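Novice: Below you'll find the structure I mean.
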Amino acid sequence: MMGLRVAGTGSFLPERVITNDDLSRTLDTSDEWIRSRTGIAARHLLEPDTPPASMGIAAARAALRRAGLGPSDVDLLIVATNVPEEIIPGSAPFIAEGLGLHHEPPFFDIKAGCAGFVFGLAVAGAMMDSGLVRTVLLVGIEALSRFVDWEDRKTCVLFGDGAGAVVLVGTEGDRGILGAALHGDATKLGLLRIPAGGVRLPASPETVAAGKHFLRMKGRGVYQSAVTMMERATLEATERAGISLADIDWLLPHQANLRIIEALVKRLGFPRDRVLVNIDRVANTSTASIPILLDEAVRAGRIGDGDILALTAFGAGACYGTVILRW
Ligand code: UT7
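Positions 4 to 330 (my numbering) are the ones given, in order, by the sequence shown.
What follows is the structure, encoded as structure tokens:
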């Protein structure tokens, strides 16, 4: 594939922080249970009256600023999200409007569960490789706090809100996507769903009364599939990249559950100190999880020129995949 460089990264987390102790005041749960089962200590939640797109706009502006580029340089905007700003027209137009993309570049949403950002990266790379576009703004954004049932302790404690963004530019040399493996296992589509509010079951007073517009998750089933999915995708992507696991400098796994990450690392035999983790502070931000993690690592100066990164994720669908990127 053509060379590709991440010219800038950005992220945004809402100011409001909710700790496990805060949750345990209104919910039958405890800091001890949440920490020991998930590794989560706190999450950022968007204020109810704030439009979620504002998080994506802030993350994208930061990424463009660090890339030394402006809105007029964007050839394509891809927004990865599970729950769009509006069912029609999605999230991308709202972010394009907020950024002032007045030169009318194409934009679209991508929905691939929590793997949306990884899928988006592969799509962006392929479109750049084909010569269709040169500069891509890829945003991962999620405000699942609006769709979790705050009375369901099995799901609501897991999620946080946030957004992350990268600016991708073409480059000479050997930087870019070295290999990728993307998969979908539709036999597992029942593991994570919001049953109502789509065309199959449009929102009605009955669906709202039955709470069918809330995220429903079979946590155990997701847990059991997640590790093997990310393991398979990472091994395949590594092979396609023509490298070995030992060549990977940093593993950036989707931040869903610390125990899932640790089981993955153990199965791969990957060094724990080369795995980036921030789930304790941000919880599971779904499609925003990997770009937030990446931005924090870049700003902390952890990622060096030429480093090889493996970005791996799984989520609703069930979609899963890994992209190997040379920085
Ligand atoms: O991006 C993908 C999104 N989803 C995920 O990644 C989720 C993956 N799954 C998981 O992370 C884990 O399955 C959970 C953290 C969701 C749950 O952990 P678990 O070890 O699989 O627990 P469990 O569902 O088997 O529940 C064990 C017990 C149950 O009590 P009983 O029935 O044994 O009395 C639950 O009711 O833990 C109870 N429980 C809780 N207790 C206190 C479930 N949630 C909570 C809670 N606080 N928040």
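Idealized CB from N, CA, C, for every residue including glycine.
Only a predicted model underlies this, so the values are computations on that prediction, with no experimental measurement involved.
1) Pull up the distance between the alpha-carbon of G3 and that of K114, whole angstroms please.
2) Looking at M130 and the ligand UT7, is the gap between the Cβ and the nearest heavy atom below 7 angstroms?
3) Does the beta-carbon of W36, which I'm using as the reference point, lie nearer than 7 angstroms to any heavy atom of the ligand UT7?
4) If you scan the stretch 126-181 from start to end, which runs of the beta strand (DSSP E) of 3 or more residues do you find wholly inside it?
5) Using 8 angstroms as the threshold, is the C-beta distance between D298 and T12 below it?
6) Please name the residue, chosen from R149, L104, P109 and L171, that lies closest to R137 on a Cα-to-Cα basis.
7) At a threshold of 7 angstroms, does A229 count as lining the ligand UT7 (C-beta to nearest heavy atom)?
8) Can you find the residues in the same chain that come closer than 7 angstroms, C-beta to C-beta, to I21, ignoring five residues on each side of it along the sequence?
9) For the beta strand (DSSP E) holding R8, just list the boundary residues, first then last.
10) With a Cβ-Cβ cutoff of 8 angstroms, do F317 and M233 count as a contact?
11) Taking 8 angstroms as the cut-off, decide whether the C-beta atoms of S94 and E100 are in contact.
12) Between K114 and the ligand UT7, is there a pair consisting of the residue's CB and a ligand heavy atom that are separated by less than 7 angstroms?
13) Would you call A212 buried or exposed, if buried means 16 or more other Cβ atoms sit within 10 Å of its Cβ?
14) Indicate the three-state DSSP secondary structure (helix, strand or coil) for G199 in the structure shown.
15) If contacts are defined as beta-carbon pairs under 8 angstroms, then T315 and T237 qualify, I think. What distance do you get, rounded to the angstrom?
16) Do the CB positions of A61 and A10 come within less than 8 angstroms of each other?
17) Could you check where the beta strand (DSSP E) with D250 kicks off and where it finishes?
18) Compute the Euclidean distance between the alpha carbons of F328 and A206, then round it to the nearest angstrom.
19) Short check: CB of R196 to CB of L30, under 8 angstroms?
20) Counting Cβ pairs closer than 8 angstroms, one from the stretch 282-293 and one from the stretch 36-43, do we hit at least three?
21) Based on DSSP bridge pairs, tell me the residues matched to F110.
22) Short of 7 angstroms in beta carbon distance, which residues of its chain neighbour I37, apart from the five on each side in sequence? Order them along the chain.
23) Are three or more beta carbon pairs between the stretch 122-139 and the stretch 265-272 nearer than 8 angstroms?
Specialist: Once the coordinates are examined:
1) Limits of the chain in this structure are 4 at one end and 330 at the other, which puts residue 3 out of reach.
2) Taking the sequence shown and counting its residues from 1, the one referred to as residue 130 is at position 127. Checking every heavy atom of the ligand UT7 against the Cβ of M130, none is found closer than 7 angstroms.
3) For the purposes of this step, residue 36 is taken as residue 33 along the sequence shown, with counting starting at 1. Closer than 7 angstroms to some heavy atom of the ligand UT7: that describes the Cβ of W36.
4) If we require 3 residues or more, the beta strand (DSSP E) runs fully inside the stretch 126-181 come out as 138-145 and 165-174.
5) Residue 298 sits at position 295 when you count from the first residue of the sequence shown. Residue 12 sits at position 9 when you count from the first residue of the sequence shown. Yes, the Cβ-Cβ distance between D298 and T12 is below 8 angstroms.
6) Within the sequence shown, the letter at position 134 stands for residue 137. Cα-wise, what sits closest to R137 is L171.
7) Residue numbering aside, residue 229 sits at position 226 when the sequence shown is read from its first letter. It does: the Cβ of A229 is within 7 angstroms (strictly closer) of some heavy atom of the ligand UT7.
8) Within the sequence shown, numbered from 1, the residue matching residue 21 stands at position 18. The beta carbon of I21 sits closer than 7 angstroms to those of A45, R46 and L48, all from its chain and outside the five residues before and after it, given in chain order.
9) Residue mapping note: residue 8 aligns to position 5 of the sequence shown, counting from 1. From DSSP, the beta strand (DSSP E) with R8 extends over G6 to F15.
10) Position 314 of the sequence shown holds residue 317. Position 230 of the sequence shown holds residue 233. At the C-beta level, F317 and M233 come within 8 angstroms of one another.
11) Residue mapping note: residue 94 aligns to position 91 of the sequence shown, counting from 1. Residue mapping note: residue 100 aligns to position 97 of the sequence shown, counting from 1. Annotated as distal: S94 and E100, with beta-carbon spacing of 8 angstroms or more.
12) Position 111 of the sequence shown holds residue 114. No, the ligand UT7 has no heavy atom inside 7 angstroms of this Cβ.
13) Translated into positions along the sequence shown, residue 212 becomes position 209. A212 sits exposed, since fewer than 16 C-beta atoms from the chains shown fall within 10 Å of its C-beta.
14) Position 196 of the sequence shown, counted from the start, is the residue given in the question as residue 199. Strictly speaking, residue 199 in this sequence is Ala, with Gly absent from that position. Three-state DSSP puts A199 in coil, outside helix and strand.
15) On the sequence shown, residue 315 is found 312 positions in, with the first residue counted as 1. On the sequence shown, residue 237 is found 234 positions in, with the first residue counted as 1. With 8 angstroms as the limit, T315 and T237 qualify as a contact, their Cβ atoms being about 5 angstroms apart.
16) What you label residue 61 is simply residue 58 of the sequence shown in a count that begins at 1. What you label residue 10 is simply residue 7 of the sequence shown in a count that begins at 1. Not closer than 8 angstroms, so no.
17) Residue numbering aside, residue 250 sits at position 247 when the sequence shown is read from its first letter. Where D250 is concerned, there is no enclosing beta strand (DSSP E), given that its DSSP letter is neither H nor E.
18) To locate residue 328, count along the sequence shown from 1; it is residue 325. To locate residue 206, count along the sequence shown from 1; it is residue 203. The sequence as given places Leu at residue 328; Phe does not occur at that position. Cα to Cα, L328 sits roughly 41 angstroms from A206.
19) Here residue 196 is taken as the residue at index 193 of the sequence shown, counted from 1. Here residue 30 is taken as the residue at index 27 of the sequence shown, counted from 1. No; because the gap between Cβ atoms is not below 8 angstroms, this pair is not in contact.
20) As far as the Cβ criterion goes, the stretch 282-293 touches the stretch 36-43, which means the pair count is three or higher.
21) The residue labelled residue 110 in the question sits at position 107 within the sequence shown. Paired residues: L80.
22) Numbered from its first residue, the sequence shown carries residue 37 at position 34. In the same chain as I37, and ignoring 5 residues on each side of it, the C-beta atoms closer than 7 angstroms to its own belong to N23, I43 and V160, in chain order.
23) No, the stretch 122-139 is not in contact with the stretch 265-272.
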